[in-house]
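Some notes on the structure that comes next.
Chains as they are written, first to last, in our numbering: chain A, 1 to 667; chain B, 668 to 973.
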């Protein structure tokens with residue numbers, strides 16, 4: 001009897017199971033885009049975008065490479081899969097000193113390279129020193145410029161030493177009060193970062209500098225540490241001509257430099273120190289509260305000294321390479337794929353869930369979508385789903401849409417008429433309905449410089465709202481008037497202004513949309529100029545574009561400063577010609593504040609100041625816009641689209657699949 | 668004949684020189700550099716990169732290097748792809764383009780000649796009209812439209828073939844790209860075969876062959892095809908050169924690691940050594956194939972004498 005019942009039950013369950021399985025299977029084809037069958041092997045197939053330039057994490061600054069580097073290399077800290085804030089990786093824990101000008105990392109004792117070598121603090125010192133070596137030509141080096149003497153070393157600068165007493169000239173003795181440093185006025189030269197205060201002056205102990213932790217001995221106050229905390233040495237360009245220019249601008253310096261000896265800044269002078277095998281101390285040139293959040297960047301991921309010294313720049317070839325991440329290289333077929341497999345030497349190998357990953361180098365959006373639909377790949381890089389496809393793709397449950405820490409905006413050329421007039425800039429900004437742009441593009445409209453809702457606790461100021469009438473008034477004030485003193489669109493110099501864009505992605509339809517907005521709201525037709533990308537970037541750098549230039553910015557680290565810093569210098573990525581020493585002073589004040597809330601308030605004040613000058617027209621906060629099969633778990637549409645691969649896995653139980661964007665909060 | 672060949676080979680040298688000089692000049696005229704990117708580099712870092720790749724040297728030193736590299740056929744290191752030499756890249760990319768080109772070539776010959784012959788034998792029948800309509804479509808549909816269309820049918824609706832990626836030879840991944848690439852050539856060859864065959868079939872020697880009492884099969888294969896295919900032979904030489912070097916669009920649509928894909932990206936990346944290497948290679952290939960075709964004319968057609 002009991003037998004019979006259980007048999008009935010089992011049969012019933014089986015039938016029910018079959019029915020539900022049938023239902024889900026048929027429902028799947030509507031829920032998800034194309035085939036949704038997990039691959040037979042425990043290997044994930046991901047399209048990472050363009051062909052990687054190199055597998056050397058110091059070389060490439062690209063996003064496609066960043067994702068491959070995250071599989072192959074590990075740093076002191078890793079991006080959190082959901083929030084992209086730094087979490088422990090090769091460093092178990094760390095301390096930051098009171099004014100955020102020095103960080104001490106405590107490394108795990110079981111970190112190993114793929115060749116079995118132990119990973120020690122010395123390897124990190126080597127990694128950072130190598131990355132900054134001028135000959136290597138790393139494009140990421142500027143990220144490490146916050147480290148003391150790093151910029152001087154990378155630029156090939158010299159210290160000035162008195163040959164008699166061995167004393168070095170100090171920066172503080174030659175600073176002119178209130179005026180920005182001499183070379184700052186020259187927009188072609190990057191402004192040196194002003195020196196923030198360092199909490200510990202010579203003679204103070206390490207213990208006084210860091211918050212006290214019980215049963216924890218403060219790390220040694222070494223001679224190097226003393227050197228780092230001694231007043232900044234003066235650095236000058238090694239190039240004779242440039243040096244003369246700097247020296248000539250400062251008469252006090254000119255007289256002091258006589259008879260002195262030029263000592264090149266060397267790798268050993270950079271503020272990275274292996275206190276012992278498992279303690280690494282990084283001293284910064286200034287207070288930089290955001291520095292930790294840029295430490296997961298590829299530039300700081302550890303590389304193997306032996307392999308690099310043995311093979312030179314051929315060390316990344318598959319037969320030579322030594323890696324430090326959860327996966328190691330199997331093969332690299334150029335312009336096709338990079339195959340990696342789980343590395344048994346990795347310290348946390350037990351946590352790594354995938355047996356391997358294939359990174360395909362595919363760039364054509366439609367080709368990627370085809371591969372995805374046919375079930376040949378499991379996920380793709382961000383921004384693949386184009387605006388034109390969104391109406392079709394957005395309803396599917398495997399579409400990953402979330403705001404990114406990336407903004408899209410138009411630069412105004414503040415050095416040429418008519419956009420050198422702030423009223424014109426404000427009017428153009430006010431007469432574009434950002435909400436309409438956002439709704440059309442399925443993205444969040446933006447009126448500020450920083451992306452919206454990205455930085456918890458940051459009191460982001462809002463820019464001017466949509467107001468065509470006020471815009472017309474401003475343009476009338478600017479002098480574009482008819483006989484009766486009202487705004488006359490015919491007077492607006494459309495021959496001096498154009499929307500400069502490159503033909504990639506959705507730039508052309510967006511420009512047409514904005515053009516239509518201006519035509520509708522102001523009666524002005526501003527022409528669109530399409531330029532090949534590199535050509536356009538040169539025009540932007542030299543401020544040669546007429547009036548308006550499309551651009552965007554992706555966060556280097558999760559802090560408003562990565563956006564506000566764009567206008568910290570007149571050169572670099574500014575591209576607008578707007579630069580204000582008062583704005584710079586506010587940013588400096590903010591970054592030297594220990595209190596995060598106060599710092600945010602000061603940064604917000606700076607942002608409001610920039611918005612008032614309107615060097616740019618904000619448009620949208622970008623969204624991730626990619627797809628992943630529902631059986632891929634542990635991958636989240638985070639703000640940087642950066643995935644710590646060791647937590648990604650293939651779920652074969654349909655009940656546990658992701659139906660929609662996975663929850664981004666909670667554990 | 669030998670003197671002709673020597674003369675032609677000697678002419679290739681100044682032609683290469685001109686081609687390379689123009690290419691080099693154009694690259695230098697193009698704004699931007701291999702390191703120009705949305706995120707602008709600090710001036711010191713740009714300086715480091717220029718130093719590293721010898722871009723600080725005067726133009727004549729750089730130009731001399733380009734020429735010397737050409738003489739040695741060693742184009743130096745790629746600027747974009749750290750640690751890879753242009754020769755390594757060429758060696759890796761060439762087999763892909765070659766495989767693809769040859770597959771498409773053989774496919775075009777087989778399908779083109781068959782349909783062309785059938786159309787000629789059944790002139791004005793439905794076979795003739797259907798195949799000539801298809802040929803017209805093949806000529807007029809560009810391959811960047813045909814490729815995605817084929818992928819839509821065979822990869823996304825029927826799930827028979829992969830929609831992209833390269834799995835090497837032999838594999839299913841070759842079928843769609845070589846079909847896309849060959850469509851135009853199938854069409855040309857079919858039309859050439861048809862008209863050639865129609866002309867030959869009306870000629871006296873075919874009538875003689877039939878009068879002799881030969882079977883229809885013997886008439887077609889032994890006599891008619893040999894004459895009817897002459898235009899196809901003269902077309903197929905340059906066609907092969909184009910098929911091997913002209914795979915840019917197809918490689919891009921199907922994401923294949925061939926020369927074309929490298930070339931187009933090298934231009935966008937301003938990767939000077941790689942652009943020059945690929946241009947030199949393509950120039951040599953085209954000039955070489957043309958020479959071969961000229962020589963083969965001399966062999967096939969007794970009326971041509973050098």
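Even glycine gets a Cβ: it sits at the ideal position worked out from N, Cα and C.
No Cβ of chain B is located within less than 7 Å of the beta carbon of residue 233(A). Counted as a single uninterrupted DSSP element, the beta strand (DSSP E) harbouring residue 342(A) occupies residues 337–342.
At least 7 Å separates the CB of residue 827(B) from every CB of chain A. Distance from the CA atom of residue 68(A) to the CA atom of residue 359(A), rounded to whole angstroms, is 7 Å.
For the pair residue 591(A) and residue 285(A), the CB atoms are not nearer than the 7 Å cut-off. At least 7 Å separates the CB of residue 810(B) from every CB of chain A. Residue nearest to residue 114(A) within the set 340(A), 60(A), 536(A) and 649(A) is 340(A) (criterion: CA-CA distance). Residue 487(A) is bridged by DSSP to 481(A).
In the structure shown, residue 331(A) adopts extended strand secondary structure according to DSSP, grouped into three states. A Cβ-Cβ distance of about 7 Å is found for the pair residue 903(B) and residue 776(B), placing them in contact under the 8 Å criterion. Of all residues in the stretch 724–737 of chain B, none has a C-beta nearer than 9 Å to a C-beta of chain A. A direct Cα-Cα distance of roughly 56 Å separates residue 769(B) from residue 414(A). Chain B has no Cβ within less than 7 Å of the Cβ of residue 385(A). When beta bridges are read from the DSSP output, residue 890(B) appears opposite no residue. Residue 567(A) sits away from residue 539(A), with the two beta carbons spaced by 7 Å or more. Across the structure, residue 670(B) and residue 958(B) are spaced so that their CA atoms are roughly 13 Å apart. Against chain B, the beta carbon of residue 142(A) has neighbours under 8 Å at 708, 709 and 712, listed in chain order. The C-alpha of residue 850(B) is placed about 17 Å away from the C-alpha of residue 786(B). Contact of residue 59(A) with chain B by beta-carbon distance below 8 Å involves 749.
In its chain, beyond the 5 residues on either side, 756, 760, 941 and 945 have a beta carbon closer than 8 Å to the beta carbon of residue 929(B).
Contacts between residue 366(A) and chain B, judged by CB atoms closer than 7 Å, involve 815 in chain order.
The C-beta of residue 116(A) has fewer than 16 other C-beta atoms within 10 Å across all chains shown, which makes the residue exposed.
Here the stretch 86–104 of chain A makes contact with the stretch 272–283 of chain A; the two share three or more CB pairs at distances below 8 Å. Spatial neighbours of residue 80(A) in its own chain (CB-CB distance under 6 Å, excluding positions within 5 residues in sequence) are listed in chain order as 87. In the DSSP annotation of this structure, residue 53(A) is not part of any alpha helix (DSSP H), being labelled neither H nor E.
For residue 794(B), the closest of 861(B), 697(B), 895(B) and 956(B) by C-alpha to C-alpha distance is 861(B). Taking the Cα positions, residue 175(A) is about 28 Å away from residue 129(A). Note on the stretch 347–429 of chain A: whole alpha helix (DSSP H) runs with a minimum of 4 residues are 365–373 and 390–393, in chain order. DSSP places residue 103(A) in the strand class (E or B) of the three-state scheme. Bridge pairing for residue 643(A): absent [DSSP]. Following the DSSP letters along the chain, one finds residue 860(B) inside the alpha helix (DSSP H) bounded by residues 842–868. For the set 162(A), 328(A), 299(A) and 602(A), the Cα lying nearest the Cα of residue 62(A) is the one of 299(A).
Under the Cβ criterion (8 Å, minimum of three pairs), the stretch 419–436 of chain A counts as touching the stretch 518–535 of chain A. If you keep only unbroken beta strand (DSSP E) runs of at least 3 residues inside the stretch 492–521 of chain A, you get 498–501. With its beta carbon at least 7 Å from every one in chain B, residue 99(A) lies outside the interface.
Excluding the 5 residues flanking it on each side, residue 575(A) has same chain C-beta neighbours closer than 6 Å at 411 and 540, in chain order.
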